[in-house]
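Heads up: the sequence lines are chains A and B, in that order.
With the first letter of the first sequence counted as 1, position 365 gets the number 365 in the numbering used here; the numbers rise by one all the way through.
So the numbering used here is basically just the index in the second sequence, starting at one, shifted up by 638.
Think of the CB as a built atom: it goes at the ideal place given N, C-alpha and C, for glycine as much as any other residue.
Protein chains: 2
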Amino acid sequence: MTLADELRIALDGKWRHVREESRTRLAELDLAVDPDLDLEGARDHTFAQLKDLVQTGIPAAGFRESHGGLGDPGMAVTGIEMLAQFDLSLMVKAGVQWGLFGGAVENLGTDRHHALIPRIIDLDLVGCFAMTEIGHGSDVQSLETTATYDPQTQEFVVHSPTHSATKDYIGNAARHASIAAVFAQLVTRGESHGVHCFLVPIRDEHGEDMPGVTTADDHHKGGLRGVDNGRISFDEVRIPRENLLNRYGNVDENGAYSSPIDDTGKRFFTMLGTLIRGRISVGGSALAASEVALSIAGRYALKRRQFGPADGEETLLADYRMHQRRLLPLIARGYAYRFAQNQQVARMDKLQRSDNPDAQQQRELEGRAAGLKAILTWHASRSVQESRELCGGAGYLAENRISTLRGDIDVFTTFEGDNHVMLQLVAKELLTAYAHEVGGLDPLGMVKFVASTVTDVVRERTAASQLIQRLIDARPGGGDDDHDLLDRGTQLELFEDREQHVIETAARRLQRAAGADSAEAFRIFNNAQDHVIRCGRVHIDRIVLEAFTAGIARCEDEDAADLLREVATLYALSVIEDDLAWFMGHNRLSDARAKTVTSLLNDQLDKLRPHLLTLVEGFGVPEATLGAAFLLDPQPDA
Amino acid sequence: MTLADELRIALDGKWRHVREESRTRLAELDLAVDPDLDLEGARDHTFAQLKDLVQTGIPAAGFRESHGGLGDPGMAVTGIEMLAQFDLSLMVKAGVQWGLFGGAVENLGTDRHHALIPRIIDLDLVGCFAMTEIGHGSDVQSLETTATYDPQTQEFVVHSPTHSATKDYIGNAARHASIAAVFAQLVTRGESHGVHCFLVPIRDEHGEDMPGVTTADDHHKGGLRGVDNGRISFDEVRIPRENLLNRYGNVDENGAYSSPIDDTGKRFFTMLGTLIRGRISVGGSALAASEVALSIAGRYALKRRQFGPADGEETLLADYRMHQRRLLPLIARGYAYRFAQNQQVARMDKLQRSDNPDAQQQRELEGRAAGLKAILTWHASRSVQESRELCGGAGYLAENRISTLRGDIDVFTTFEGDNHVMLQLVAKELLTAYAHEVGGLDPLGMVKFVASTVTDVVRERTAASQLIQRLIDARPGGGDDDHDLLDRGTQLELFEDREQHVIETAARRLQRAAGADSAEAFRIFNNAQDHVIRCGRVHIDRIVLEAFTAGIARCEDEDAADLLREVATLYALSVIEDDLAWFMGHNRLSDARAKTVTSLLNDQLDKLRPHLLTLVEGFGVPEATLGAAFLLDPQPDA
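What follows is the structure, encoded as structure tokens:
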């Protein structure tokens, strides 16, 4: 076992067997993208690859055994993440079919719908997930599409009342889907019961639009050429009453509505909560793509030389301070986020296997999933972009892969809703005592429920981890400025303390809206919106460092654990440096102490530089699957 | 005249007539990109458009009248910038042919080469600019290609000795160029005289490679599909002696080398200095692309609503604080950079029209050109990216244009060399007393020449502008913490003082390398590299604020000037906020004062929000040419 192997084992986490098998089997499928294919050719190609996946077991992983699946939610997410290491179009296509569409059928449907699942796994039934509309993306509760029950015929009438009600950016909708899981306002007996999901056939066996259905093609995009995104609008399309996915809301033959959850808002968020796996897969897949890009840039930095003394060999890019500053903190973040993502997947897996999942844990998972999705997808965009620039003009050529990743990864920051809205969702969970009951993310709904006291929010949760508390308690100095910034307990305490302060002060600002009229309440919320969103961000920073710390504690190889500790310190210093003005302005770091951050960080670069190749190998993207032509070039001196 | 018209006039600057004419004439040419074209189709399409440009006068603008041009360098750059508002592939293609290739012939050649210029203008002779090699991009002085004089035949033998000597990423090289301006080490009588430029025919009249020449296609890239980038390698290719562009270095029939500039390094940088227009065009064009993206995102923010009170109309995106925070500071930077770019173009124009340009001014222009290129192209990448995210999934569709801009603009950050190297070049100019004589950008060459004193570097230059000095002198408070951060003089003084301090301390660190051996000198340089690069960045921040201030002083409309002042303040606050930890840690802002920055910035957003449409219109990108389908959608309430 090399040190890189040990790192890879630590990063692979609980579903290591899935990763190892995927590395071999997916490499055999030859998933490289051919940029010469035209748009339809690229879509056909990806669809053909999708069929090849059926045999790998990944499609079946996420469904319950009683429905014909493997009942392994962790495997399902891990499998999707591994696809992302190979091709993001294929990852999205798989995610749409088995994760979003199949997930809606499994989680929102009942027995009569579950019978479809074997056909969904086998691609005998190809569907799409018709949630987003032109006019409503992040705000799903306000979708305009309606499904009105007609007791005469015992049908729902699905309708798009306006242009902005058109479903848009829907993967599989332009070509391959024959059926859609359509999110629409359920109306019966003249009353709306909020958003529900309906199965609506959209294409006949010849691929023609069904009567009343109009599909359109979103055509070219910034990337993801293998995914056929499209639009769907409905002109009074009739579907049988049974096509309502009725686990959380049912309409009987006579049009009477019933639901196990009375409150419309709570029902809606419960439904969305069952679909959490999609959000977790998006963040994890983006992270996987960033691992590919950083692997390419890291290897290139160890190969390419530039400038140097007239009388000697030119200097490796990896040996320049600026190059290290651009590359190594991103690699450290990659490690940190991988530990956090693995922890999240394990928690999700446990909850989803449970017959009676803990409501508090489910709520916490939803908050983290939203926040991690935002932070991981931004990290991926930034890492792929920086990797491109770190490879210069060569990074811009499709044959070196990064530019393809860059086009493909871009949309991940707005998948599942705008990342700022994702962080606002985390903040809502942190700031409101009754997040699940809060009707929506609209500002007024939110400020109304801000808890009167949030002072214990961080400490309560941190207490769950004895390890973290022990480290914090053992930190040197005990509260004065002499804390060693290289000490993990000190770092953990800084992150925790910052979170506590940011949340408390945000809550205090929002509490002023209590009793205010609508306009004034909006004004108060809006003035604080950047502060509110910051709550989500600093919260994620903390849980990531905690997950990293916990991950190191689980690492059994001492040398690997030592190296991981140095990486974690670089991560922590990098986060502190990014927010240094806050730590200074709030007297968490004296000016003198703050000035050490940059030099400590630079020292950390020196420590990690000799391990660059090892760190990159630890990401576990086999060199042969990187698909970057320039890594195969002869060495300059060859 | 509307307020927007007045803003546009202020931003259009001295070559307003060129901008106005381009807005009309280029719109008539229908330069929209068809994403359905395959790669060869896209290249043909762009090449056909290039031919349409000949009649506009833009191609002739940059060449001297005596060579058949218009002798209007400012028009040449402005014309290229306007192309960038329409299509970046066309801009690059035009820049390669008339700017880089034509510019090399004009500026490095003599009479016998200048005779070619009318054919270059007319596209009768299509060339490429073969500088970058696989192994050497930013470090042009170390190119490996050789041109060895053979007195027997009176020819140069052009040769690529290694794989890494292959010319790469060369625009026009894959298809359209028949001739290349090749940068190679000139060797005669066994001695190398450094990099010179040679005209080398690369294709015959049938488009076949000339004997000894091997071209290859770089094929797909992250964008710029209309540009045929390719590779060229030379296997002992013979060209007549006269094909040396011999203005700065000549070889006589017998192989004797002569040059008006003795020092090899100085000669090299003088030659590069004559090609400055390319660098200025790259920054200006990136800025133009960012204006398009921000115009689209700004208009979308005024159209799209999301979330809102259950009982009322949903809120416009533009009314959310977070949305304003993401969009308005980028718009303010766009304004700031446009004033700085216009100032730079005017200075370049003046120098290039002069028979005897001032050496100090030329040197300063070169430093600024490198620095502005870095800052403007990063700004463009960031603005296009943020605009994409501000438009959500819709921003990812090609039909809404931003995603195409995003793919195209990406490479600008490494055009002309990596942006960090560009900033290092500025730093070199600031830190060394004899920048022009310094052999190169290699660390040792640089530290050797660090001036023993740089203390007056900022003040000396600032003194050139009486207006700036007057504002600084008139600032309130006179040095204590009560400075009003909204006061321009205070802002200018903060920027100037920061630059002075950063440069001084960097110089002091580098001076330690005096007398050190190579390894130790490299270590000292490398430890300080991030600090050195920061010199370039803070220098550009200062000159941009000064240029903005000067631009406002020239604005004749009072209302427009008032609005521009608010925009300039947002720019200044945004720069200060980004570097707040520095201002605090170096006692330029007390903790209390620093805490006001964010709220002052937010107040500025409130002030500017009502002017969002006006500010966007001020960029002068006609709505009809934005090419974003969703701006034509019916309003949500329609």
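- The residue from Phe86(A), Trp15(A), Leu70(A) with its alpha-carbon nearest to that of Leu29(A) is Phe86(A).
- Out of Gly137(A), Asn250(A), Ile232(A), the CA that lies nearest to the CA of Glu242(A) is found in Asn250(A).
- For Glu744(B), the enclosing alpha helix (DSSP H) starts and ends at 740 to 746.
- Contact annotation: Gly922(B) and Val795(B) have beta-carbon atoms that are not nearer than 9 Å.
- Per DSSP, the unbroken beta strand (DSSP E) holding Glu793(B) starts and ends at 793 to 797.
- Cβ-Cβ distances below 6 Å link Ser574(A) to Pro329 in the same chain, with the five nearest sequence neighbours on each side left out; the list follows chain order.
- Interface criterion not met: the Cβ of Ser704(B) is under 9 Å from no Cβ in chain A.
- Going by beta carbons, Leu664(B) and Arg863(B) fall outside the 9 Å limit.
- For Leu677(B), the closest Cβ of chain A is nearer than 9 Å.
- If you keep only unbroken alpha helix (DSSP H) runs of at least 4 residues inside the segment 388 to 446 of chain A, you get 402 to 409, 419 to 431.
- When C-beta distances to chain B are compared with 9 Å, the residues of the segment 373 to 401 of chain A below that value are Ser381, Gln385, Arg388, Glu389, Leu390, Cys391, Gly392, Gly393, Ala394, Gly395, Tyr396, Leu397, Ala398, Glu399, in chain order.
- Within the same chain, Cβ atoms closer than 6 Å to the Cβ of His1169(B) are found at Ala1144, the five residues on either side in sequence being excluded.
- Out of Arg813(B), Ala939(B), Gly1258(B), the CA that lies nearest to the CA of Glu843(B) is found in Arg813(B).
- The C-alpha of Asn1240(B) lies about 27 Å from the C-alpha of Ile1040(B).
- Under the DSSP definition of a beta bridge, Pro697(B) lacks any partner.
- Close to Gly775(B), with beta-carbon spacing below 8 Å, are these residues of chain A in chain order: Gln306, Gly392, Gly393.
- Going by beta carbons, Ile870(B) and Val820(B) fall inside the 9 Å limit.
- Taking 7 Å as the upper bound on Cβ-Cβ separation, chain B lies near residues Leu580, Ala581, Met584, Gly585 of the segment 576 to 587 of chain A.
- Per DSSP, the continuous alpha helix (DSSP H) segment holding Phe906(B) begins and ends at 902 to 912.
- For Tyr787(B), the enclosing beta strand (DSSP E) starts and ends at 784 to 788.
- For Ala1266(B), the closest Cβ of chain A is not nearer than 9 Å.
- Residue state for Leu615(A) is assigned as helix, using DSSP reduced to three classes.
- By the beta-carbon neighbour count (other beta carbons within 10 angstroms, threshold 16), Met769(B) is buried.
- Within chain A, not a single residue places a beta-carbon under 8 Å from that of Tyr938(B); the smallest gap is close to 12 Å.
- Runs of the beta strand (DSSP E) lying entirely within the segment 944 to 1011 of chain B and spanning at least 3 residues: none are present.
- Per DSSP, the beta bridge partners of Gln823(B) are Thr784(B), Val833(B).
- Against chain B, the CB of Ser285(A) has no partner CB under 9 Å away; the residue lies outside that interface.
- When rounded, the separation of the alpha-carbon atoms in Gly222(A) and Tyr973(B) is 27 Å.
- Setting aside the 5 residues that flank it on each side, Asp1271(B) has no residue in the same chain whose C-beta is closer than 6 Å to its C-beta.
- With the criterion set as a beta carbon lying under 7 Å from some beta carbon of chain A, the members of the segment 1167 to 1196 of chain B are Gln1167, Asp1168, Ile1171, in sequence order.
- Of the candidates Asp52(A), Thr413(A), Thr598(A), Gly102(A), the residue whose Cα lies closest to the Cα of Ser381(A) is Thr413(A).
- The DSSP-derived three-state label of Thr569(A) is helix.
- DSSP places Asn884(B) outside both helix and strand once states are collapsed to three, so it counts as coil.
- At least one beta carbon of chain A lies nearer than 9 Å to the beta carbon of His801(B).
- Asp408(A) and Val92(A) have their C-alpha atoms spaced approximately 10 Å apart.
- In the DSSP assignment, Cys766(B) falls within the beta strand (DSSP E) that extends over 765 to 768.
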